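Count the sequence shown with the numbering used here and you get residues 63 to 403, in order.
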Amino acid sequence: MRLMRIQFSGGVAAVALVSIAVLSAFQVGRKPEEEFAGIVKAYLGVSASTDWAGLEKLPGIKWVPLPPRSLEHCLPDGGCYTRQGMAAIGGRNLAVVATGARTIAANLYLRNAAAPLGEEAVLAAVKQAGLITELARCPVAGGAGSTNWYRVKGVKLSPGFLSIQVVRGARPSEGFTVSRSEELPQLQPNQLALYSEQCGAGAGRKPVSTVKPHEQLAQTIVSLLGQAAGPALYDWKALAGLPAEMTWNPGPKPGSPSPNDPNPMQQTGAATYAGRKFSLLANGTATQVKTITLEELGMHPRGEHMLGVVYEKGIAVRLVRCGPVYTESTNNWYSLTSAKT
């Protein structure tokens with residue numbers, strides 16, 4: 063047995079992979095891209111099992127024994143568990159990693175370091191298998207991106223995406239990702255400026271964002287601070303005029319069952335910052351908004367310094383209350399002050 067490391071597109075961390083005995087092609091006479099298309103169709107099939115044991119029904123892939131491996135740190139795609147394998151496709155042996163939750167395998171990654179299957183050939187084979195692909199995300203013109211994301215549709219097919227990464231150079235390779243999802247897989251912050259979701263004929267291929275999510279969030283925090291020369295608090299009508307990324311549901315409405323709650327009214331909403339989704343909750347009296355809460359619905363990369371960006375915008379940041387140091391999470395309060403706020 064030997065160890066090798068592979069790097070998949072989409073920001074998924076490198077995963078140590080135990081090599082598995084070389085497999086023979088599982089159907090003689092079929093083209094390699096047709097065998098690959100069979101894996102895509104089987105994985106996204108509406109009746110396909112989504113648990114880890116169900117992976118063993120995928121054609122041409124041999125998996126390491128269950129259970130899946132639990133990770134100390136979850137991956138950027140949200141997967142906290144992985145299972146590794148090897149696929150035999152047209153005489154090639156592709157390294158495979160599935161990622162997902164404790165009971166669900168949500169993403170399938172395949173890396174081909176042998177003779178390329180070819181993106182056009184793969185798409186043609188997928189079409190021949192009865193599936194429809196629509197280009198949903200692509201590299202910006204002249205950029206360094208190397209991956210295309212395709213929305214995959216078909217009869218008796220679950221919503222999903224197929225991404226194809228082509229690495230050229232002295233050691234060319236291909237990376238494929240098949241995801242069960244109604245939404246495009248989330249990009250990492252350093253990928254936002256490299257890719258566009260405007261990929262139609264004649265589209266300008268504008269980047270998803272030239273600003274990172276935590277920078278947008280910092281700008282929102284600063285804009286929410288009351289101005290020294292204006293009213294100290296917002297009224298409920300003012301919510302609609304807050305940063306454009308925020309969308310509010312009709313309200314406010316009574317939200318607290320306690321008759322003694324000083325802020326019984328609430329209004330909910332949502333916000334998206336460069337692809338990252340947040341829920342919104344405003345609380346207050348019948349006439350004034352007292353607090354606005356933003357809660358991220360997914361995960362974010364380590365090392366983002368949102369308060370550092372707030373500071374760069376001329377706001378003094380001071381830690382005034384902190385949570386216990388012995389837990390994995392933190393719960394801190396900061397004062398944000400400036401001469402203008």
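No residue lacks a Cβ here, since even glycine has one placed at the ideal position from N, Cα and C. Here the structure is a predicted model, which is why all the values come from computation and not from measurement.
- Message: Relative to the C-alpha of residue 368, which candidate in 388, 353, 396 has its C-alpha closest?
- Response: If we check each option's Cα against that of residue 368, 396 comes out closest.
message = Suppose the cutoff is 7 angstroms on Cβ atoms and the five residues either side in sequence are ignored; what does the same chain contact list for residue 359 look like?
response = Here the set comprises 339, 340, 341.
Taking Cβ positions, are residue 167 and residue 107 nearer each other than 9 angstroms?
Residue 167 places its beta carbon 9 angstroms or farther from that of residue 107.
If we call anything under 9 angstroms between Cβ atoms a contact, is residue 288 one with residue 298?
No, these two residues do not count as a Cβ contact at 9 angstroms.
Out of 157, 103, 214, which one is the CA nearest neighbour of residue 126? Measuring from the Cα of residue 126, the nearest candidate turns out to be 157.
**Message:** Could you pull the DSSP bridge partners for residue 246 from this structure?
**Reply:** Answer by DSSP bridge pairing: none, since residue 246 is not bridged.
message: Closest to residue 227 by C-alpha separation, out of 173, 272, 213, 267, would be which residue?
response: Put simply, of 173, 272, 213, 267 the residue whose alpha carbon is nearest the alpha carbon of residue 227 is 173.
Report the CB separation of residue 331 from residue 311 in whole angstroms; it is logged as a contact under 8 angstroms.
Yes, residue 331 and residue 311 are in contact; Cβ-Cβ is about 6 angstroms, under 8 angstroms.
> Taking just the CA atoms, how far does residue 346 sit from residue 257?
Replying inline: Here the alpha carbons of residue 346 and residue 257 stand approximately 40 angstroms from one another.
In chain order, what residues of the same chain have a beta carbon less than 8 angstroms from the beta carbon of residue 229, not counting five sequence neighbours either side? Correct list, in chain order: 208, 235, 236, 237.
My understanding is that residue 180 touches residue 217, with C-beta atoms under 8 angstroms, so please give their C-beta distance in whole angstroms. So it is not a contact: roughly 26 angstroms between Cβ atoms.
Review point. What is the DSSP secondary structure of residue 168, reduced to helix, strand or coil?
Key: Assigned with DSSP and collapsed to three states, residue 168 falls in strand.
key: C-alpha distance - residue 194 paired with residue 356, whole-angstrom precision   = The alpha-carbon separation between residue 194 and residue 356 amounts to approximately 38 angstroms.
Q.
Just verifying my parser: in three-state terms, what is the DSSP assignment at residue 86?
A. Because residue 86 sits at a pLDDT of 40, beneath the cut-off of 50, its placement in the model cannot be relied upon, and the following sentence gives the value as read from the coordinates. DSSP places residue 86 in coil when its eight states are reduced to three.
Q: Output yes or no for whether 9 angstroms exceeds the beta carbon distance between residue 255 and residue 202.
A: Result yes, Cβ atoms of residue 255 and residue 202 sit closer than 9 angstroms.
- Can you name the residues that DSSP bridges to residue 297? 350, per the DSSP bridge assignment.
Segments of 4+ residues assigned as alpha helix (DSSP H) that fall wholly inside the stretch 314–383:
Taking only runs of at least 4 residues, the alpha helix (DSSP H) segments lying wholly in the stretch 314–383 are 368–374.
- Task: Can you grab the Cα-Cα spacing for the pair residue 317 / residue 393, in whole Å?
- Result: About 24 angstroms.
| query | When the Cα atoms are used, what is the spatial distance from residue 148 to residue 296? | reply | If you draw a straight line from the Cα of residue 148 to the Cα of residue 296, it is about 58 angstroms long.
Worksheet item: How long is the line joining the alpha carbons of residue 241 and residue 102, rounded to whole angstroms?
Response: Between the alpha carbons of residue 241 and residue 102 lies a distance of about 9 angstroms.
Neighbourhood of residue 119 by C-beta, 6 angstroms cutoff - its chain only, sequence neighbours within 5 removed | Cβ contact annotation for residue 119 (same chain, cutoff 6 angstroms, sequence separation greater than five): none.
Margin query: Let me check understanding here. Comparing Cα to Cα, which of 92, 140, 110 lies closest to residue 361?
Written below: Minimum Cα distance to residue 361 is reached at 140.
In the DSSP assignment, find the unbroken alpha helix (DSSP H) run with residue 94 in it and report its ends. 94–106 is the extent of the alpha helix (DSSP H) around residue 94.
Q: Can you say whether residue 324 is buried or exposed, counting buried as having 16 or more other CB atoms within 10 angstroms of its CB?
A: It is exposed - the Cβ of residue 324 has fewer than 16 other Cβ atoms within 10 Å.
- Item | Residue closest to residue 112, alpha-carbon to alpha-carbon, out of 134, 160, 135 | In this structure, 160 is the residue among 134, 160, 135 with its C-alpha nearest to the C-alpha of residue 112.
Collapsed DSSP secondary structure at residue 132 in the structure displayed
If DSSP states are grouped into helix, strand and coil, residue 132 belongs with the strands.
Is DSSP giving residue 184 helix, strand or coil here? Correct three-state label for residue 184: helix.
Practice problem: State buried or exposed for residue 329, treating a residue as buried only when at least 16 other CB atoms are found within 10 Å of its CB. | Solution: Residue 329 is buried by the Cβ-count criterion.
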